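Undergrad:
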Amino acid sequence: ATVSVLYWEKKQKTTTQKMFPENYPLLAVGVQGCIALLMGIKMSQLRVSQLAAKQKVGEGPAFKQWHVAQLNSAEYHPLFMALYLAVFVAAKLANKPLRQASEIGITLGLLGTVFFIFGATQSSPKGPTPFRVLGAACRYIAIAILSYEVTQYY
């Protein structure tokens, strides 16, 4: 009986291991910040290349696509970074590990950001690409999950 109890306890511990590290929300803040920085660098690069080519700055399809992607992403970066931090702080204050739903919300926020940027920079005259729509949907779902999750640690 003792052997089977020990086996059961060991099995329970291995099945509850977390997929992400404890500081995953902080890593996500860093990744989100890097994405924002890279978007700014890309826009600067496009402006400089247009100036060097003696073109009117802000014109052309590539510039407009990246501009839309950067502006739209800039609206969401601060919100996601705040939600990632809020979930991290809530878990720490409650002395609880990150809930799986929090990890899913963070992952959706990061993936949604990347998907949206990719989709927005690949848009065609026919309308938004599936990646742009998927990215937007992932971000909305992530905001809902993370907003809920902040309240679940108390």
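Just so you know, we're using the numbering used here here: the sequence shown kicks off at 7 and counts up by one.
Where is the CB? At the ideal position from N, CA and C, for every residue including glycine.
Note that this is a predicted model, so its numbers are computed, not measured.
Examine the Cβ distances between the region 47 to 65 and the region 100 to 112 and report whether three or more of them are shorter than 8 Å.
TA: In short, these stretches do not touch, since the Cβ pair count stays below three.
Undergrad: Whole angstroms is fine: what's the gap from glycine 141's alpha carbon to glycine 64's?
TA: For the purposes of this step, residue 141 is taken as the residue at position 135 of the sequence shown. For the purposes of this step, residue 64 is taken as the residue at position 58 of the sequence shown. Computed Cα separation, rounded: 25 Å.
Undergrad: For alanine 42, which residues of its own chain have a beta-carbon under 8 Å away from its beta-carbon, when the five flanking residues on both sides are left out?
TA: Here the question's residue 42 lines up with position 36 in the sequence shown. So the list reads Ser79, Ala80 and His83, once near-sequence residues are dropped.
Undergrad: Under 9 Å, do alanine 148 and glycine 111 count as touching if we go by C-beta distance?
TA: Taking the sequence shown and counting its residues from 1, one reaches residue 148 at position 142. Taking the sequence shown and counting its residues from 1, one reaches residue 111 at position 105. Yes, these two residues count as a Cβ contact at 9 Å.
Undergrad: With DSSP as the reference, label glycine 125 as helix, strand or coil.
TA: Mapped onto the sequence shown, residue 125 falls at position 119. It is helical.
Undergrad: Note the first and the last residue of the continuous alpha helix (DSSP H) segment covering alanine 42.
TA: By 1-based counting over the sequence shown, the position of residue 42 is 36. Here the alpha helix (DSSP H) through alanine 42 covers 30 to 58.
Undergrad: Give me the Cβ distance between isoleucine 123 and alanine 75, rounded to the nearest whole Å; I'm assuming they're in contact under 8 Å.
TA: As a position in the sequence shown, residue 123 is number 117, starting the count at 1. As a position in the sequence shown, residue 75 is number 69, starting the count at 1. Correct: roughly 5 Å between the Cβ atoms.
Undergrad: Measure from the alpha carbon of lysine 98 to the alpha carbon of each residue in Gly39, Ala34, Tyr159 and Cys40, then state which is nearest.
TA: The sequence position of residue 98 within the sequence shown is 92, counting from 1. Selected option, being the one with the closest Cα: Tyr159.
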